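What follows is a single structure, written as structure tokens, with notes after it.
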Amino acid sequence: MALGKVFISTISGMDYRKSPYFSVGRASDLTGSDRLLYRGLEMLPGLLAWGTIIGTIIASFFVPVWAAYFIIAFDLYWLLKNAYLSIHLRHNWRRIKYNVSLDWKKMLSNMKHERLIHLVILPFYTESLEVVGQSIEALTKVRYDQKKMAIVLASEESAGEGAKEIAETIRKKYAHFFGHFLITVHPKGTPGEMAGKGSNISYAAEDARKKILDPNGISYDDTIVSAFDVDTVAYKDYFLCLTWNFLTTPDPHKVSFQPVPFYNNNIWDAPALSRVVAASSTFWQMIQQERPEKLATFSSHSVSFRSLYEIGYWQKNMVSEDSRIFWNFFLARNGDYSVIPMSYPVSMDANLASSFFQTAKNIYKQHRRWSWGAENIPYILFGFIKNKAIPLRTKLRISFNQIEGFWSLATNPIMIFFLGWLPVVLGGDFFNVSILSYNLPFLTRNLMIVSMLGLILTGIIFISFLPDKPKERSRFSKVYMALQWILIPFTILIFGAIPGLDAQTRLLFGKYLGFWVTPKHRK
Amino acid sequence: MKPLSIRRRRVYLSFFSLIFIISIPLLILYATGYRIGDALNIVRTGGLYVSVPYSGAQVFIGETIMKETSIFQKNIFVQNLKPGSYDVRVLKDGLQAWSKRLMVFPQTVTEGYAFLFPLKLVLVEIPEFFMDGTEKIATSTMVSKKNFLRNPEYRTALLSFATTSTASTSEDVLKIKRKLSLENRGGTLYAQWKGGPDSAPHYFCVNQVCKDEIMIKTKSKVRKFDFFPGRDDLVIVALSDGLYVTEIDDRSQQNIQLLVAVPMLDFRVQSDETLLIKEDKKLYTLSI
Chain A
98 MALGKVFIST
108 ISGMDYRKSP
118 YFSVGRASDL
128 TGSDRLLYRG
138 LEMLPGLLAW
148 GTIIGTIIAS
158 FFVPVWAAYF
168 IIAFDLYWLL
178 KNAYLSIHLR
188 HNWRRIKYNV
198 SLDWKKMLSN
208 MKHERLIHLV
218 ILPFYTESLE
228 VVGQSIEALT
238 KVRYDQKKMA
248 IVLASEESAG
258 EGAKEIAETI
268 RKKYAHFFGH
278 FLITVHPKGT
288 PGEMAGKGSN
298 ISYAAEDARK
308 KILDPNGISY
318 DDTIVSAFDV
328 DTVAYKDYFL
338 CLTWNFLTTP
348 DPHKVSFQPV
358 PFYNNNIWDA
368 PALSRVVAAS
378 STFWQMIQQE
388 RPEKLATFSS
398 HSVSFRSLYE
408 IGYWQKNMVS
418 EDSRIFWNFF
428 LARNGDYSVI
438 PMSYPVSMDA
448 NLASSFFQTA
458 KNIYKQHRRW
468 SWGAENIPYI
478 LFGFIKNKAI
488 PLRTKLRISF
498 NQIEGFWSLA
508 TNPIMIFFLG
518 WLPVVLGGDF
528 FNVSILSYNL
538 PFLTRNLMIV
548 SMLGLILTGI
558 IFISFLPDKP
568 KERSRFSKVY
578 MALQWILIPF
588 TILIFGAIPG
598 LDAQTRLLFG
608 KYLGFWVTPK
618 HRK
Chain B
-15 MKPLSIRRRR
-5 VYLSFFSLIF
5 IISIPLLILY
15 ATGYRIGDAL
25 NIVRTGGLYV
35 SVPYSGAQVF
45 IGETIMKETS
55 IFQKNIFVQN
65 LKPGSYDVRV
75 LKDGLQAWSK
85 RLMVFPQTVT
95 EGYAFLFPLK
105 LVLVEIPEFF
115 MDGTEKIATS
125 TMVSKKNFLR
135 NPEYRTALLS
145 FATTSTASTS
155 EDVLKIKRKL
165 SLENRGGTLY
175 AQWKGGPDSA
185 PHYFCVNQVC
195 KDEIMIKTKS
205 KVRKFDFFPG
215 RDDLVIVALS
225 DGLYVTEIDD
235 RSQQNIQLLV
245 AVPMLDFRVQ
255 SDETLLIKED
265 KKLYTLSI
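Protein sequence lines correspond, in order, to chains A and B. Mapping of the first sequence onto our numbering: position 430 corresponds to residue 527, and the numbering continues sequentially without gaps. Mapping of the second sequence onto our numbering: position 95 corresponds to residue 79, and the numbering continues sequentially without gaps.
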């Protein structure tokens, strides 16, 4: 449904929430010049990525010396950036270890928190009973009064009878543990919605409001919603830690709470490729936890119900609802919204399928979906243009961070592993007899080798977070877990840059992605 | 435990930014050949690149052995060389030596492509006839010819000489390989580059100044010639006293190496690895 253009020069705060721009999913939701503008902004990430790649190729051909200078500068930038980020990673590693070892019950002992209710939404589609059961089982074991918890198992009508049966089995087995237990069934084919997690959890949140919060007189202010992926296994003090963060934040309705996603549920069963890619995602989130101004919500996250209710829950017409909800809040509150990095883990599934090839395919698709988060760039920039109440400095900082982030994802590994050699290949005979031409590959290689030394740290961190080794695993398993990091140059290219470029190219040409549910397979 | 403070992060960021700002010009200067000289001044250096087709060969610059080539690394790149001339030698036991005086220019890599042929190459005769059976015999045998079968390999080889001889006038004078031509002008060979300077083989250019013709000097008149298979810088020449391989590269004295010391022979390139040699009616193969 196309939204009409709103002829107001200044929209701000909750006014923006009420404007038709707030829930834009894609350019075709708008009309006239707004549509053109939004479409142009959708093209921006792809244009920048391809512009960089094609620009480097052209420069390598016509001005190879300048291309070589650029590549040397870029290699050094990459090395120093890695070093800079690894400081953040190391600090967050220490912080997570500290937080996991902390007695959060004691931390809460002097705080009144009995009024708080944790509403946990677990959306599922066709995942197995084992997957759903493991997550619910973990909720029964967390150190929190389960009677202060409301569990919403959010199923999809389109998933059929099998999903319904799983939901009922779960209800029979676990409902009595919790203060409230609700199964919601998101109707299929609702107009204006995209089938996916966003539409499902929005429906579930509203259903929970009507069936749990309102009938029981539970304050929206005192309800903390945790929107989990269905494979999310909460660590034992997650809700205590979340409660502490909620209570110690000056205004808990102006923030979202972001745990660190570990992919430990099946880490001992997943192939090395999957482990490396999953851990890389974890490490990236750990780095972002130390840079909260760059942090947006990702995957499983928590937020106050009041905030959610005010903006109408998650967007239902797009893929990246987990990060979009943050930008919804950000625009609705004129930039006065942030993410609290909890530095406390939740555990999820690493990609695992019945065959190695299928696993690799799933990893690619999952990362393409995550990279599709670039759809937030037009939303943010368009919102910044329309919402005049956000300070210009904030707009510039956020715009740069977001654009640079997606540009880096899609181009940097390609530039590092391919473009470094281009001037030598395309530069012509005169360039090829220059000392610069001979030194370029050596410099690129050496800077990359130094850069890769950081992998030692990542290997150590990865092993430190591993769950106990299953007895059937050989005693050398941990050695393999350390050696797997040599796959990094391959994985950041094949499962980082390429799906990133794929997603941005689709956005560039208006070939919009739908929501793809990552299959959860257990051995 | 608190997150990294903004202040500390700014310090780290400033530190790495400073390293970046300082390192970039230094790296670029290094990559383009600038070095600190003996007098602590900035000097521009160049490099040498020598390609060697064999492993186990020793590469000398002046009297200093720079490297022994291996299966994995047959080429040598030496930088930090002051501009000037350098004597490069490549030696390997059992092979003829290759040496060249190469000029090194600032910020440029001077390339040299060595070739080293065995001191002794063996001609393998292609017999005209087979004995009835599989045993090969020399044509000089006293056994009656009716017991022999004509060797088809000999016939084919002979044909390759006959075929070209029909066009001998032009073929013996001019041979063209892509944009590189070889012309025999009264017994002296000239190599000409017909393309642009951007794509000229390295030996046509010195410090980015290119010429379009090189004379190949030999001790006697060139009777027959052809490109050496797989190389654009080598030519096989039949002189009055034998068959040689010479390089076109005339940046210093051209290396010429003997293949076969048999006078007045003719030859054809059969494949990338084999020459056909004809001496009167006898035919041979020569593995190169």
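C-beta atoms are modelled at their ideal positions from N, C-alpha and C, and glycine is treated no differently. Model, not experiment: these values are computed from the prediction.
> Residue ranges of each alpha helix (DSSP H) run of no fewer than 4 residues wholly in the region 326 to 413 of chain A, ordered along the chain?
Replying inline: List check, alpha helix (DSSP H) in window: 335 to 345, 369 to 386 and 402 to 408.
> Between Ser124 of chain B and the rest of its own chain, which residues show a CB-CB distance below 8 Å, the 5 nearest in sequence each way excluded?
Replying inline: Residue confidence for Ser124 of chain B is low, a pLDDT of 47 falling below 50, so the modelled location carries little weight; the figure read from the coordinates is stated next. If we look at Ser124 of chain B and ignore the five residues flanking it on each side, it has no Cβ neighbours.
> What residue ranges within the region 150 to 206 of chain B form continuous beta strand (DSSP E) runs of no fewer than 3 residues, ordered along the chain?
Replying inline: If one requires a minimum length of 3 residues, the beta strand (DSSP E) runs lying completely within the region 150 to 206 of chain B are 158 to 161, 164 to 169, 172 to 177 and 197 to 200, in chain order.
> Between Leu218 of chain B and chain A, is there a C-beta pair that is closer than 7 Å?
Replying inline: With its beta carbon at least 7 Å from every one in chain A, Leu218 of chain B lies outside the interface.
>> Am I right that Phe429 of chain A and Arg123 of chain A are in contact with their C-beta atoms under 8 Å? What's the rounded C-beta distance?
In response: Strictly speaking, residue 429 of chain A in this sequence is Ala, with Phe absent from that position. That pair is no contact at about 20 Å.
> Shortest alpha-carbon distance to Gly214 of chain B belongs to which of B:Asn135, B:Ile55 and B:Ser255?
Replying inline: Measuring from the Cα of Gly214 of chain B, the nearest candidate turns out to be B:Ser255.
> Looking at the structure shown, is Leu24 of chain B part of a helix, part of a strand, or coil, going by DSSP?
Replying inline: Looking at Leu24 of chain B - three-state DSSP - the assignment turns out to be coil, as it is neither helix nor strand.
> Pick from A:Leu219, A:Val249 and A:Lys333: whose alpha carbon is nearest that of Lys202 of chain A?
Replying inline: Lys202 of chain A has its Cα closest to that of A:Lys333, out of A:Leu219, A:Val249 and A:Lys333.
>> Gln581 of chain A and Val373 of chain A - do their beta-carbons sit closer together than 7 Å?
In response: One thing to note: Val373 of chain A has its Cβ within 7 Å of the Cβ of Gln581 of chain A.
> Using a Cβ cut-off of 9 Å, which residues of the region 89 to 113 of chain B contact any Cβ in chain A, in chain order?
Replying inline: Cβ contacts with chain A: Pro90, Gln91, Thr92, Val93, Thr94 and Glu95.
> Cα separation between Glu303 of chain A and Phe515 of chain A?
Replying inline: So the two alpha carbons sit approximately 49 Å from each other.
> According to the neighbour-count rule (16 or more other Cβ atoms, all chains shown, within 10 Å of its Cβ), is Ala251 of chain A buried or exposed?
Replying inline: Per the 10 Å Cβ criterion, buried.
> Relative to chain A, which residues along the region 51 to 79 of chain B have a C-beta separation below 9 Å, given in chain order?
Replying inline: Cβ contacts with chain A: Phe61 and Gln63.
> Just by C-beta distance, which residues in the region 219 to 239 of chain B are closer than 9 Å to chain A?
Replying inline: Correct list: empty, as no residue qualifies.
> Contact between the region 500 to 518 of chain A and the region 143 to 155 of chain A: three or more CB pairs below 8 Å?
Replying inline: Yes, since at least three Cβ pairs between the region 500 to 518 of chain A and the region 143 to 155 of chain A fall closer than 8 Å, the two stretches touch.
>> With a threshold of 7 Å between beta-carbons, can Ile26 of chain B be considered close to chain A, or not?
In response: Chain A contact via Cβ: absent.
>> Here's the rule I'm using: 16 or more other beta-carbon atoms within 10 Å means buried, otherwise exposed. How should Thr150 of chain B be labelled?
In response: Residue placement at Thr150 of chain B is poorly supported in this model, since its pLDDT is 40, which falls under 50; the coordinates are not used for a value here.
> How many angstroms separate the CA atom of Pro37 of chain B from the CA atom of Leu100 of chain B?
Replying inline: Taking the straight line joining both Cα atoms gives about 8 Å.
> Helix or strand or just coil, what does DSSP make of Ala122 of chain B?
Replying inline: Bear in mind that a pLDDT of 48 at Ala122 of chain B, under 50, signals an unreliable position, so the number given afterwards is only what the model happens to contain. Coil, per DSSP.
> Which residues in the same chain have their Cβ closer than 8 Å to the Cβ of Ala292 of chain A, if we skip the five residues on either side of it in sequence?
Replying inline: Closer than 8 Å at the Cβ level, and outside the excluded window around Ala292 of chain A, lie Glu253, Ser255, Lys285, Gly611 and Phe612.
> Nearest to Ile360 of chain A by CA position, among A:Phe354, A:Trp381, A:Ser353 and A:Pro347, is which residue?
Replying inline: Position check: residue 360 of chain A holds Tyr in this sequence, whereas Ile was assumed. With distances taken between CA atoms, Tyr360 of chain A lies nearest to A:Trp381 out of A:Phe354, A:Trp381, A:Ser353 and A:Pro347.
> Can you give the Cα-Cα distance for Ile280 of chain A and Arg466 of chain A, rounded to whole angstroms?
Replying inline: Roughly 27 Å between the two C-alpha positions.
>> Once the 5 residues before and after Glu95 of chain B are set aside, which same chain residues still bring their CB inside 7 Å of it?
In response: Close CB contacts of Glu95 of chain B within its chain, under the 7 Å cut and outside five residues either way in sequence, are with Tyr33 and His186 (chain order).
> In or out: Val330 of chain A buried (at least 16 other Cβ within 10 Å) or exposed?
Replying inline: So Val330 of chain A counts as buried.
> What residues are listed by DSSP as bridge partners for Ser252 of chain A?
Replying inline: When beta bridges are read from the DSSP output, Ser252 of chain A appears opposite A:Val282.
> In three-state DSSP terms, what is Gln42 of chain B?
Replying inline: In the displayed model, Gln42 of chain B falls within a strand according to three-state DSSP.
>> Below 8 Å, how does it come out for the region 417 to 437 of chain A and the region 342 to 358 of chain A: are there three or more Cβ pairs, yes or no?
In response: Yes: the two stretches touch, three or more of their Cβ pairs being nearer than 8 Å.
> At which residues does the alpha helix (DSSP H) containing Ser271 of chain B begin and terminate?
Replying inline: Segment Lys266 to Ser271 is the beta strand (DSSP E) holding Ser271 of chain B; no alpha helix (DSSP H) there.
> Which of helix, strand or coil does DSSP assign to Tyr317 of chain A?
Replying inline: DSSP places Tyr317 of chain A in coil when its eight states are reduced to three.
> Does any C-beta atom of chain B lie closer than 7 Å to the C-beta of Asn509 of chain A?
Replying inline: Judged by the 7 Å Cβ criterion, Asn509 of chain A is not in contact with chain B.
>> Along the chain, where does the alpha helix (DSSP H) containing Ala600 of chain A start, and where does it finish?
In response: Element bounds for Ala600 of chain A: Ile595 to Leu605.
> Comparing the C-beta of Asn179 of chain A with each C-beta of chain B, is any distance below 7 Å?
Replying inline: For Asn179 of chain A, no Cβ of chain B is located within less than 7 Å of the residue's own Cβ.
>> Please classify Tyr577 of chain A as buried or exposed, where buried requires at least 16 other C-beta atoms within 10 Å of its C-beta.
In response: Around the Cβ of Tyr577 of chain A, a 10 Å sphere holds fewer than 16 other Cβ atoms; the residue is exposed.
> Taking all protein chains shown into account, do 16 or more other C-beta atoms lie within 10 angstroms of the C-beta of Lys617 of chain A, making it buried, or fewer, making it exposed?
Replying inline: Classification for Lys617 of chain A: buried.
>> Can you confirm whether Pro9 of chain B, when its beta carbon is compared against all beta carbons of chain A, has any partner nearer than 7 Å?
In response: Interface criterion not met: the Cβ of Pro9 of chain B is under 7 Å from no Cβ in chain A.
> Taking just the CA atoms, how far does Arg19 of chain B sit from His622 of chain A?
Replying inline: Here chain A comprises residues numbered 98 to 620, so residue 622 of chain A is not present and cannot be evaluated.
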